[in-house]
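Visitor: As numbered in this note's numbering, the sequence shown has no gaps in its residue numbers, which increase by one up to the final residue, 1007.
Okay, handing you the structure first.
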Amino acid sequence: MKVLILGSGGREHALAWAVARSPRVTEVVCAPGNGGMAKMARCLPVNVDSLDSMIQLAEAERPDLTIVGPEVPLSLGIVDELQARGLRAFGPTRAAAMLESSKGFAKRFLQRHKIPTANYAICNNQAEVEKAIDIFHAPIVVKADGLAAGKGVIMCPSRATAIEAAEGLFSGKLLGTVERQVLIEEFLEGDEVSFLCLSDGKHVTPLVPSQDHKRIGEGDTGPNTGGMGVYSTDALLDPAMREWILRHIAEPTVRGMAEEDTPFVGVLYCGLMMTARGPQVLEFNARFGDPETQAILVRLESDLVEALEACIDGRLADTALRWRQGASACVVASSGGYPGSYKKGLPITGLEAAAQLPETVIFHAGTALVDGQTVTSGGRVLGVTATADSLEEALARAYKAIKEIHFEGMYFRHDIGHRALKKKS
Ligand code: AMP
Ligand code: GLY
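Here you go:
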């Protein structure tokens, strides 16, 4: 069986790694892939922001299964296009991917189906923004409606900063694209949990929970990034809480989407805030998370391809997932300067030595293979990932491995997992 993976980040390397372990898979093709994927799979150029480019590639390759990594191709409708051509693809249709691609859609959906989420207002102009701010009081969260690669959410400590943020979104100054709608949301406090589930449109199977670290600086300070590290341990949610989230958030979402004739098949990523009044949905993503996927898939003992096919075929209820007990941790090594500007093309050393450590996998994100040498090519460069019987050991393994690796300006956070470790002590 030939599997095509669309995307080029750490998430896609982890998907390729997990897919390659399936006894049913004879060939993995990645498009466009990265330096790590180039070492294990055939990589082909593609523009994942262009439906035509992806369709051309899929028509030429005719894979038995296509797995879509990033949100942009899903929001463009790549799954609809592939299915219309008789090609099996894992991921939601364009209509179902609206849960991620329009925050306004997601919020209205949550409200319609009485699923817990922060209070909000959808504003079409600055006057509506000011009215909404008066209702919620500061601190306030201001959000762009559409996809913004993590840059569309602005935390505002005061009324004045919220007004300025909304102005920036409406004018196009903040994101470079003009937002027609802006969301104003009440600020929620608590720990965040990434609750990812597989869905076949009817049934929901949760993956193991994880916690991302979005800020660049230690102690969760500084600007947001794509994610600087993540860990996964079942202890993040006790069984009763896990069940509550399933019954009150994930299942009603999948049921609601089916009732509205946009069944959701794919990964439903519920970004949750664990507040004093219970878990609240911060956002939905319609895909695997990055870097959550790296920490989740190293714990998956079942065949990923079987599970994804069960989603496509509507037989997820008959498919149980087995997991490595214990924990996993993924520490992201980023380019100096990220999330601002940074250098590219810097040689990376120590990858082989790091990968030889026990239960350690080095997932590549922003890397390229140039004449046999792995070099940096993006902001988040590597996801150094390890499993162990405890979170402490998994973190120790990941940090031991990252110390073997070097490139000029390399940066990583030394405190991944700090919230969980603090709770234990
Ligand atoms: P989103 O893309 O909507 O998940 O927002 C990105 C990040 O912003 C989340 O992971 C949270 O850390 C933060 N965030 C979003 N909405 C809120 C909120 N209502 N209250 C507090 N933090 C939020
Ligand atoms: N880790 C956050 C995301 O994948 O959107």
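Built from N, CA and C at the ideal position, the CB exists for glycine as well.
With a Cβ-Cβ cutoff of 8 Å, do residue 808 and residue 795 count as a contact?
Guide: Against a cut-off of 8 Å, the Cβ pair of residue 795 and residue 808 comes out as no contact.
Visitor: So if DSSP puts residue 946 in a beta bridge, which residue, or which two residues, is it bridged to?
Guide: Beta-bridge pairing links residue 946 to 964.
Visitor: Figure out for me which residue from 701, 912 and 876 has the closest Cα to the Cα of residue 983.
Guide: Out of 701, 912 and 876, 912 has the C-alpha closest to the C-alpha of residue 983.
Visitor: If we call anything under 8 Å between Cβ atoms a contact, is residue 764 one with residue 723?
Guide: Against a cut-off of 8 Å, the Cβ pair of residue 723 and residue 764 comes out as no contact.
Visitor: Any idea what DSSP makes of residue 811, helix, strand or coil?
Guide: Of the three classes helix, strand and coil, the one that applies to residue 811 here is strand, per DSSP.
Visitor: Apart from the five residues just before and just after residue 682, which ones in its own chain have a Cβ nearer than 6 Å to its Cβ?
Guide: So the list reads 653, 866, 867 and 868, once near-sequence residues are dropped.
Visitor: For residue 729, collect the residues of the same chain with a Cβ closer than 7 Å to its Cβ; drop the 5 residues on either side in sequence, then sort them by chain order.
Guide: 653, 654, 657 and 683, listed in sequence order.
Visitor: Does DSSP classify residue 838 as helix, strand or coil?
Guide: Three-state result, residue 838: helix.
Visitor: I'd like to know whether the C-beta atoms of residue 968 and residue 931 end up nearer to each other than 8 Å.
Guide: It is not a contact, given that the beta carbons lie outside the stated cut-off.
Visitor: Does the contact criterion of 3 or more C-beta pairs under 8 Å hold for the segment 774-782 versus the segment 846-853?
Guide: These segments touch.
Visitor: What number of angstroms, rounded off, separates the C-alpha of residue 986 from the C-alpha of residue 874?
Guide: Whole-angstrom Cα-Cα distance: 23 Å.
Visitor: Measuring from each Cβ to the nearest heavy atom of the ligand GLY, keep the ones under 6 Å and list them in chain order.
Guide: Qualifying residues come out as 794, 809, 867, 871, 872 and 874.
Visitor: In the DSSP assignment, the alpha helix (DSSP H) including residue 981 goes from what residue to what residue?
Guide: Taken as a continuous stretch (DSSP letters only), the alpha helix (DSSP H) holding residue 981 covers 973-984.
Visitor: Going by beta carbon distance, what residues of the same chain come within less than 8 Å of residue 895, once the five residues before and after it are set aside?
Guide: Taken in chain order, the residues that qualify are 782.
Visitor: How would you call residue 631, buried or exposed, if buried means at least 16 neighbouring beta carbons within 10 angstroms?
Guide: So residue 631 counts as exposed.
Visitor: Assuming residue 903 and residue 743 make a contact with CB atoms under 8 Å, what is their CB distance in whole Å?
Guide: In fact, because the Cβ distance is near 44 Å, the residues do not count as touching under 8 Å.
Visitor: Just to confirm, does residue 711 get its C-beta within under 7 Å of one of the non-hydrogen atoms of the ligand AMP?
Guide: Answer for residue 711: no, Cβ out of range of the ligand AMP.
Visitor: Can residue 610 and residue 600 be called in contact, C-beta distance under 8 Å?
Guide: Taking 8 Å as the Cβ cut-off, residue 610 and residue 600 do not qualify as a contacting pair.
Visitor: Output the distance between the C-alpha atoms of residue 673 and residue 789, rounded to the nearest integer angstrom.
Guide: Computed Cα separation, rounded: 16 Å.
Visitor: What number of angstroms, rounded off, separates the C-alpha of residue 819 from the C-alpha of residue 685?
Guide: Between residue 819 and residue 685, the C-alpha separation is close to 26 Å.
Visitor: Can you tell me where the alpha helix (DSSP H) with residue 712 in it begins and where it stops?
Guide: Unbroken alpha helix (DSSP H) run through residue 712: 708-718.
Visitor: Tell me whether the segment 920-936 and the segment 828-848 touch, counting them as touching only if at least three CB pairs, one residue from each stretch, are closer than 8 Å.
Guide: The segment 920-936 vs the segment 828-848: no contact.
Visitor: Hey, quick one: how far does the alpha helix (DSSP H) through residue 622 stretch, first residue to last?
Guide: Where residue 622 is concerned, there is no enclosing alpha helix (DSSP H), given that its DSSP letter is neither H nor E.
Visitor: With a CB to CB cut of under 8 Å and the five nearest residues on each side skipped, what residues in its chain are close to residue 740?
Guide: The answer, listed in chain order, is 720 and 721.
Visitor: For the ligand AMP, any of its heavy atoms closer than 7 Å to the Cβ of residue 610?
Guide: Incorrect: residue 610 has no Cβ contact closer than 7 Å to the ligand AMP.
Visitor: Just curious, the beta strand (DSSP E) that residue 589 is in, first and last residue?
Guide: Taken as a continuous stretch (DSSP letters only), the beta strand (DSSP E) holding residue 589 covers 584-589.
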